Every structure is written in C-alpha cells, then in structure tokens.
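Residue numbers (our numbering): 30 to 147.
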C-alpha cells in the first residue's frame, strides 16, 4: 500500500505521455488525453480502464494491444455495443456516418470529433 502523502506512484503506475515516432506531437497528445479519460471514467468498462492504465504506465504499447490477452478481450468486448449499434442502423445512417467529417462541423461544440448519433 502506498502512503497517501507521497506524489510518487508505485513502479508501473506512472502516467507517461504516449510518444510514438510515427505520430505527430498533436496525435500523441490526443491519444494520451484519450487514454487518461478512459482510465478516469467510472462508467468505462473495467477491462478498458485497466488497458488504458497499462498503456499510460508504459507496460503496453498500442502495437502490442491485440497480442496481449487482456487487451484483446477488452477491445473486443468494448466494441460489441458499437457493432450492435452499426447493425441496427439504416443504410442511410451508415452512409452518413461513413461520410461524416468532424472538421466540417466546428460549430458542434462538445460533439466535435464524434460521429453523428442515430
């Protein structure tokens, strides 16, 4: 157990910014922020939260997620609701989702970067 008065996390629990050489600084920052949001979201499934923690601690890289049994399971289970949502969409809704470009809708405020919801 960690003393509550220390600012140093236990080894393996440090919160590192993600830095992939193939990505821009902006992309790396966005991915790090997204992983932190998943990690800190009490409504996110626990396996996804654990996966985000592993990636932020540097114990798992994105390229290795599917090779990690827990990572593979977390992603496939986490995507199941999206798969069901896709199956229930009409062909018109699917086409609108495919063509959606968040950069064309900067006035959407908090929805920027999200696909349209149906």
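Heads up, the beta-carbon is just placed ideally off N, CA and C, and yes, glycines get one too.
These numbers come from a predicted model, not from an experiment.
Contact belief for residue i with residue j at Cβ below 8 Å, rounded distance in angstroms
i	j	result
residue 64	residue 103	About 12 Å; that fails the 8 Å criterion.
residue 44	residue 85	5 Å
Where residue i falls: helix, strand or coil (DSSP)
i	result
residue 53	coil
residue 48	coil
residue 120	helix
residue 130	coil
residue 66	helix
residue 73	coil
Own chain residues within Cβ distance below 6 Å of residue i, not counting five before or after
i	result
residue 73	67
residue 80	100, 103
residue 95	101
residue 83	89
Neighbourhood of residue i by C-beta, 7 Å cutoff - its chain only, sequence neighbours within 5 removed
i	result
residue 97	89
residue 140	The predicted model places residue 140 with a pLDDT of 45, which falls under 50 and marks its position as unreliable, so this point remains unresolved.
residue 57	46, 47, 48, 49
residue 61	46, 47
Cut-off 8 Å between Cβ atoms - residues of its own chain near residue i, not counting five sequence neighbours on either side
i	result
residue 106	74, 76
residue 70	78
| task | Let me know the alpha helix (DSSP H) ranges lying completely inside the stretch 75-111, each 4 residues or longer, listed in chain order. | result | For the stretch 75-111, whole alpha helix (DSSP H) runs of length 4 or above, ordered along the chain, are 75-86.
| Okay, do the stretch 86-102 and the stretch 116-126 touch, 3+ Cβ pairs below 8 Å being the bar? | Under the 8 Å Cβ criterion, the stretch 86-102 does not count as touching the stretch 116-126, having fewer than three qualifying pairs.
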